[in-house]
Amino acid sequence: MFINMKKRKNLMALTSVLMLSAAIFAGCGGSADKQSAASSGDTLEGKISASGSTALLPLLKPAQEEFQKAHGKVTVNIAGGGSFTGMNQVAEGSVQIGNSDVDLPAEYQGKDLVDHKVVIEPFVFIVNKDNKLDNLTREQIIGILTGKIKNWKDVGGADQQITLVHRAKSSGSRATISDIVLKGQEFTDDAVIQDSNGAVRTAIAGTPGAIGYVDAPYADDTVKTISFDGIKYSPEAIINGQYPIYGYGHMYTKGEATGAVKAFIDYVLSDEFQNAQVSKLGFIPMSKMKK
Amino acid sequence: MVMNDLAHQRRLFYDRYIRWLFIAAAFLMSLLIASIIFFVGRQGLLTFADVNPIEFFFTARWAPSAHAFGALSFISGSFFVTLLSIAFGAPLGILGAIFMAKVAPQWVRNILQPALQLYVAIPSVVYGCIGLVLLIPFLQSSFGVRTGFGILSASLILAIMILPTILSLSDDALRNVPPALEEASLALGATWWQTIWHVVVPAALPGILTSIVLAMARAIGETMAVQMLIGNTPLIANSLLTPTASLTSNIVVEMGNTMFGSTWSNALFLMAFVLMLLSLGMILMIRRLGQRRAV
Numbered sequence: 045m046f047i048n049m050k051k052r053k054n055l056m057a058l059t060s061v062l063m064l065s066a067a068i069f070a071g072c073g074g075s076a077d078k079q080s081a082a083s084s085g086d087t088l089e090g091k092i093s094a095s096g097s098t099a100l101l102p103l104l105k106p107a108q109e110e111f112q113k114a115h116g117k118v119t120v121n122i123a124g125g126g127s128f129t130g131m132n133q134v135a136e137g138s139v140q141i142g143n144s145d146v147d148l149p150a151e152y153q154g155k156d157l158v159d160h161k162v163v164i165e166p167f168v169f170i171v172n173k174d175n176k177l178d179n180l181t182r183e184q185i186i187g188i189l190t191g192k193i194k195n196w197k198d199v200g201g202a203d204q205q206i207t208l209v210h211r212a213k214s215s216g217s218r219a220t221i222s223d224i225v226l227k228g229q230e231f232t233d234d235a236v237i238q239d240s241n242g243a244v245r246t247a248i249a250g251t252p253g254a255i256g257y258v259d260a261p262y263a264d265d266t267v268k269t270i271s272f273d274g275i276k277y278s279p280e281a282i283i284n285g286q287y288p289i290y291g292y293g294h295m296y297t298k299g300e301a302t303g304a305v306k307a308f309i310d311y312v313l314s315d316e317f318q319n320a321q322v323s324k325l326g327f328i329p330m331s332k333m334k335k
Numbered sequence: 005m006v007m008n009d010l011a012h013q014r015r016l017f018y019d020r021y022i023r024w025l026f027i028a029a030a031f032l033m034s035l036l037i038a039s040i041i042f043f044v045g046r047q048g049l050l051t052f053a054d055v056n057p058i059e060f061f062f063t064a065r066w067a068p069s070a071h072a073f074g075a076l077s078f079i080s081g082s083f084f085v086t087l088l089s090i091a092f093g094a095p096l097g098i099l100g101a102i103f104m105a106k107v108a109p110q111w112v113r114n115i116l117q118p119a120l121q122l123y124v125a126i127p128s129v130v131y132g133c134i135g136l137v138l139l140i141p142f143l144q145s146s147f148g149v150r151t152g153f154g155i156l157s158a159s160l161i162l163a164i165m166i167l168p169t170i171l172s173l174s175d176d177a178l179r180n181v182p183p184a185l186e187e188a189s190l191a192l193g194a195t196w197w198q199t200i201w202h203v204v205v206p207a208a209l210p211g212i213l214t215s216i217v218l219a220m221a222r223a224i225g226e227t228m229a230v231q232m233l234i235g236n237t238p239l240i241a242n243s244l245l246t247p248t249a250s251l252t253s254n255i256v257v258e259m260g261n262t263m264f265g266s267t268w269s270n271a272l273f274l275m276a277f278v279l280m281l282l283s284l285g286m287i288l289m290i291r292r293l294g295q296r297r298a299v
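As given, the protein sequences belong to chains A and B, one line each in that order. So the first sequence is numbered by the working numbering: it starts at 45 and just counts up by one. So the second sequence is numbered by the working numbering: it starts at 5 and just counts up by one.
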């Protein structure tokens, strides 16, 4: 009996706490709704879900925040998972936008996916800091990547074995390098494989004689960036067509984008966003290429 | 009186129906486990629709874009990494356990035991990182090799990671040996060392072996630290210091970027299924060891 009383008291306390907090939340929500509706005055609403490339995540996060600020009735969810996860999910219809670093592979053709190129992703070749070389020609790089050149002295460097450090066979970066630099020749398997840009950089920084490639924003001063065919990487060198190693960041939709999804992609492509965020993160705005 | 009656009624109610809660929980749990096994197995076995089992298990050319799915380098990588980590870790762990159980004074035990449990809580990525920044450069400079990635570095770190398993389980096994055996041995004039080596350790052997097999299961399934240190390239290693790959490392590196349902993805599921079967084999081994008592 006594125990029962005690329990009932607890229950009452719990209920009142719940009700109180519900009231507080409701109050908050209400005022936020009013505010955003008043400030934007637009008709966009709904939920946008996107998944895919982790390379594009740091770019899309600020876009998501700004977009939600401007359109109070729209919720944007962006997840990682990898380029192929993104393309898979958008093809199945489980997300509205699939982010990817690669062009649509053959398996996905005919699934009504529409490509939106939103950004340019440059790649650079990096070597260990002790390396004296500043430049490699396309032929020299091909020789190294295919395993035909095994010692730095064969390309004018010190007498030291070459260690290739790069990405897995399923990586979008690897596919880009394979398309642009190797043009169909196969990478040697005699290499160290790391599964992210950061890990490739760390391994190269710690391995004398190492070479590999990363997204340009990852090439910091722990490693040395080398020129390709005499051209040092810079955004300008890509824009004026001298430096060829880059891919596109894609946002795929199933069918033409409409409504809030279209507005979000347009926002990512807008000058306002591209000029403010894209260069800051080491990517290159799409608009610059068109000029 | 009425109140009492009600309370009694309620207890009877609980007594009758609470078992359904347990049954439901057990059912849900079994369903989950069974469906995971079924899913991984089915997805994995679909590989054989496109790939010859002989190619998968006995060749080492892994080039999915050229439709070559030989997983031998991964299987041999997993095998050697596990074996070598046990070779490093087991002697150290068993000696440590003997120290903990029979040599260390109580206050040392009081410090060591929680410390051991603590180091189970360190995420494996931290071990991998330590290996990457300390072990790899050390191996490079001391053996004069190109990279330091490979079976040796992975199994050295794994040996450290499996130590807590071997130590704590062997320690339990050693301390569960009946004191009467020990006392009898000492009473018969055996020295303290003879007693430990010829009486206590053999008596605890089933428990010690169980700890080693459990450690093997942990080692073969370890992913993150191995992936960071083994080099991940599908070549059969011709030395302990050349980059190679293991089943787990290749799954983690490639799975996120393959299309679900493709042969490539199925082959990765098959590798996971092989790992599951290997672990199952080890668990069956543990059960047999557990039933046997040496003394």
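Don't be surprised by glycine CBs; every beta carbon is placed ideally from N, CA and C.
Within 10 angstroms of the Cβ of residue i, are there 16 or more other Cβ atoms? Answer buried if so, exposed if not.
i                      : result
residue 26 of chain B  : exposed
residue 73 of chain A  : Summary for residue 73 of chain A: the model assigns pLDDT 40, below 50, so the residue's position carries little reliability, and this model does not support an answer.
residue 176 of chain A : exposed
residue 168 of chain B : buried
residue 160 of chain B : buried
residue 107 of chain B : exposed
residue 297 of chain A : buried
residue 318 of chain A : buried
residue 287 of chain A : buried
residue 113 of chain A : exposed
residue 8 of chain B   : exposed
residue 56 of chain B  : exposed
Which same chain residues, not among the five before or five after residue i, have their C-beta less than 8 Å away from its C-beta?
i                      : result
residue 140 of chain B : 151, 152, 153, 157 and 233
residue 205 of chain A : 194, 195, 196 and 253
residue 227 of chain B : 128, 252, 253, 255 and 256
Between which residues of its own chain and residue i is the CB-CB distance below 6 Å, once the five residues before and five after are set aside?
i                      : result
residue 279 of chain B : 251
residue 54 of chain B  : 267
residue 84 of chain B  : 155
residue 208 of chain B : 177, 178 and 181
Leaving aside the five residues before and after residue i along the sequence, list all residues of the same chain whose C-beta is less than 7 Å from its C-beta, in chain order.
i                      : result
residue 247 of chain A : 209, 236, 238 and 254
residue 152 of chain A : 131 and 135
residue 263 of chain B : 269
residue 120 of chain B : 168, 171 and 172
residue 139 of chain A : 93, 94, 95 and 133
residue 313 of chain A : 162 and 330
residue 50 of chain B  : 270
residue 48 of chain B  : 270, 273, 274, 276 and 277
residue 86 of chain B  : 220, 223 and 224
residue 17 of chain B  : none
residue 65 of chain B  : 72 and 74
Compare the C-alpha of residue i against each of the options and name the closest.
i                      : options                       : result
residue 172 of chain A : A:147, A:241, A:261 and A:249 : A:249
residue 305 of chain A : A:102, A:108, A:100 and A:103 : A:108
residue 159 of chain A : A:100, A:168, A:318 and A:147 : A:147
residue 216 of chain B : B:170, B:224 and B:20         : B:170
residue 121 of chain A : A:133, A:113, A:144 and A:91  : A:91
residue 213 of chain B : B:288, B:237, B:39 and B:133  : B:288
residue 181 of chain A : A:164, A:225 and A:99         : A:225
residue 155 of chain A : A:168, A:161 and A:137        : A:137
residue 326 of chain A : A:216, A:200, A:168 and A:299 : A:168
residue 98 of chain B  : B:205, B:87, B:38 and B:24    : B:205
residue 59 of chain B  : B:76, B:45, B:190 and B:43    : B:76
residue 322 of chain A : A:117, A:293 and A:300        : A:293
In the DSSP assignment, what residue or residues form a beta bridge with residue i?
i                      : result
residue 241 of chain A : Beta-bridge pairing links residue 241 of chain A to no other residue.
residue 295 of chain A : A:143 and A:160
residue 236 of chain A : A:209
residue 272 of chain A : A:180 and A:275
residue 166 of chain A : A:290
residue 195 of chain A : A:205
residue 254 of chain A : A:207
residue 66 of chain B  : B:73
residue 91 of chain A  : A:119
residue 248 of chain B : B:235
residue 328 of chain A : A:164
Would a check of beta-carbon distances place residue i closer than 7 Å to chain E?
i                      : result
residue 123 of chain A : Protein chains in the displayed structure are A and B, and chain E is not among them.
Query raised in the report: Looking at chain B, which residues of the segment 125-139 of chain A have a Cβ within less than 7 Å of any of its Cβ atoms?
Result: 125, 126, 127, 128, 129 and 132
Report task. For the segment 160-176 of chain A, enumerate the residues whose C-beta is nearer than 7 Å to any C-beta of chain B, in chain order. Result -> none
Report task. Note down, in chain order, all residues in the segment 234-250 of chain A with a beta-carbon under 8 Å from any beta-carbon belonging to chain B. Result -> 234, 235, 236, 237, 238, 239, 243, 246, 247 and 250
Report task. Name, going along the chain, the residues of the segment 141-155 of chain A whose beta-carbon falls closer than 7 Å to a beta-carbon of chain B. Result -> 151
Query - Against chain A: residues of the segment 125-142 of chain B by CB proximity under 8 Å - result: 136, 137, 140 and 141
Query raised in the report: Listed in chain order, which residues of the segment 263-281 of chain B have Cβ atoms closer than 8 Å to some Cβ of chain A?
Result: 263, 264, 266 and 268
Report task. Could you run through the segment 280-293 of chain A and flag, in chain order, every residue whose CB is less than 7 Å away from some CB of chain B? Result -> none
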